[in-house]
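Trainee:
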Amino acid sequence: DQQVKQNSPSLSVQEGRISILNCDYTNSMFDYFLWYKKYPAEGPTFLISISSIKDKNEDGRFTVFLNKSAKHLSLHIVPSQPGDSAVYFCAAISGYALNFGKGTSLLVTP
Amino acid sequence: DAGVIQSPRHEVTEMGQEVTLRCKPISGHNSLFWYRQTMMRGLELLIYFNNNVPIDDSGMPEDRFSAKMPNASFSTLKIQPSEPRDSAVYFCASSVNQGDRYEQYFGPGTRLTVT
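Structure (structure tokens):
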């Protein structure tokens, strides 16, 4: 049973615009959330995280928003760059295990 | 600073053969995880070690799968005998618990094909 869901398998955005990737979860015990970026033939790379006690965390062009009441988080990338084209995974932790969504493939076009 | 190292990067084997995947975690990390990625199920946790001790192996598919961590710098995942449905990408990840930070760092993965 998928506890973390990324309902959009793909997203295409023009360079310079904002990319918004969404993630929903069902387990209210999750207390830490992460976003990973994955290129083909590589392992997932940690991007940004947020604790459940916060509602926003920003790191450069990347911002993660958490809405606990809606059990929803989103990753904003501004401005988007062609090098951001990759698969983005949302993950949530309760305890030690990372529960991953199935990923959203982002394509940033010039 | 080396990240998580996995070997081999690719493995092709015949059904029934034994397969051993290897992982070297990041130095100083005390937690190690083995994950499997398939199209159908995405990324799923197989087993978790803390301080070289297996804590949770509930994700290991069946008795054909076993994992060991003889010391802090090395872990193996073994499949014996292998079956075609074991074909997947296997990732090793490591982490160190620091207050409220729980980031796991992944290796490049081993792509296993069982024919």
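Heads up: the protein sequence lines correspond to chains A and B, in order.
If you read the first sequence in our numbering, its first letter stands for residue 1, the second for the next number, and so on.
If you read the second sequence in our numbering, its first letter stands for residue 1001, the second for the next number, and so on.
Every residue gets a Cβ at the ideal spot worked out from N, C-alpha and C, and that includes glycine.
Treat the numbers as computed from the prediction; the structure is a model and nothing was measured.
Could you name the residues that DSSP lists as bridge partners for Lys5/A?
Mentor: Per DSSP, Asp24/A.
Trainee: Is it the case that the region 17–36 of chain A contacts the region 73–91 of chain A, given that we only count it when at least three CB pairs across the two stretches are under 8 Å?
Mentor: Touching, per the Cβ criterion.
Trainee: Sorted by chain position, which residues of the same chain lie with C-beta nearer than 7 Å to Gln1080/B's C-beta, five sequence neighbours on each side aside?
Mentor: Same-chain partners within the cutoff: Glu1018, Arg1064.
Trainee: Chain B beta carbons: is any one of them nearer than 9 Å to that of Leu98/A?
Mentor: Answer yes: the Cβ-Cβ gap between Leu98/A and chain B drops below 9 Å somewhere.
Trainee: Please name the residues in the region 1080–1107 of chain B whose beta-carbon is closer than 8 Å to at least one beta-carbon of chain A, in chain order.
Mentor: So the list reads Phe1091, Ala1093, Asp1100, Arg1101, Tyr1102, Glu1103, Gln1104, Tyr1105, Phe1106, Gly1107, given in the order they occur along the chain.
Trainee: Identify the continuous beta strand (DSSP E) that holds Thr63/A and give its terminal residues.
Mentor: Element bounds for Thr63/A: 62–67.
Trainee: Are at least three pairs of beta-carbons, each pair with one atom in the region 28–48 of chain A and one in the region 58–78 of chain A, less than 8 Å apart?
Mentor: With a cut-off of 8 Å, the region 58–78 of chain A and the region 28–48 of chain A count as touching, because enough Cβ pairs lie within range.
Trainee: Measuring only the C-alpha atoms, how far is Lys37/A from Met1015/B?
Mentor: Each residue's Cα considered, the two are about 33 Å apart.
Trainee: Applying a beta-carbon distance threshold of less than 8 Å, which residues of chain A neighbour Gly1028/B?
Mentor: In chain order: nothing, as chain A lies at least about 16 Å away.
Trainee: Count the CB pairs spanning the region 1045–1060 of chain B and the region 90–97 of chain A that are closer than 8 Å, and state whether there are at least three.
Mentor: Yes: the two stretches touch, three or more of their Cβ pairs being nearer than 8 Å.
Trainee: Is there a Cβ from chain A that is less than 9 Å from the Cβ of Asp1057/B?
Mentor: Not an interface residue.
Trainee: Can you tell me whether Ser1027/B is buried or exposed, with buried defined as 16 or more other CB within 10 angstroms of its CB?
Mentor: The residue in question, Ser1027/B, is exposed, as its Cβ has fewer than 16 Cβ neighbours within 10 Å.
Trainee: Using a cut-off of 7 Å between C-beta atoms, extract the partners of Glu42/A located in chain B.
Mentor: What Glu42/A touches in chain B: Pro1108.
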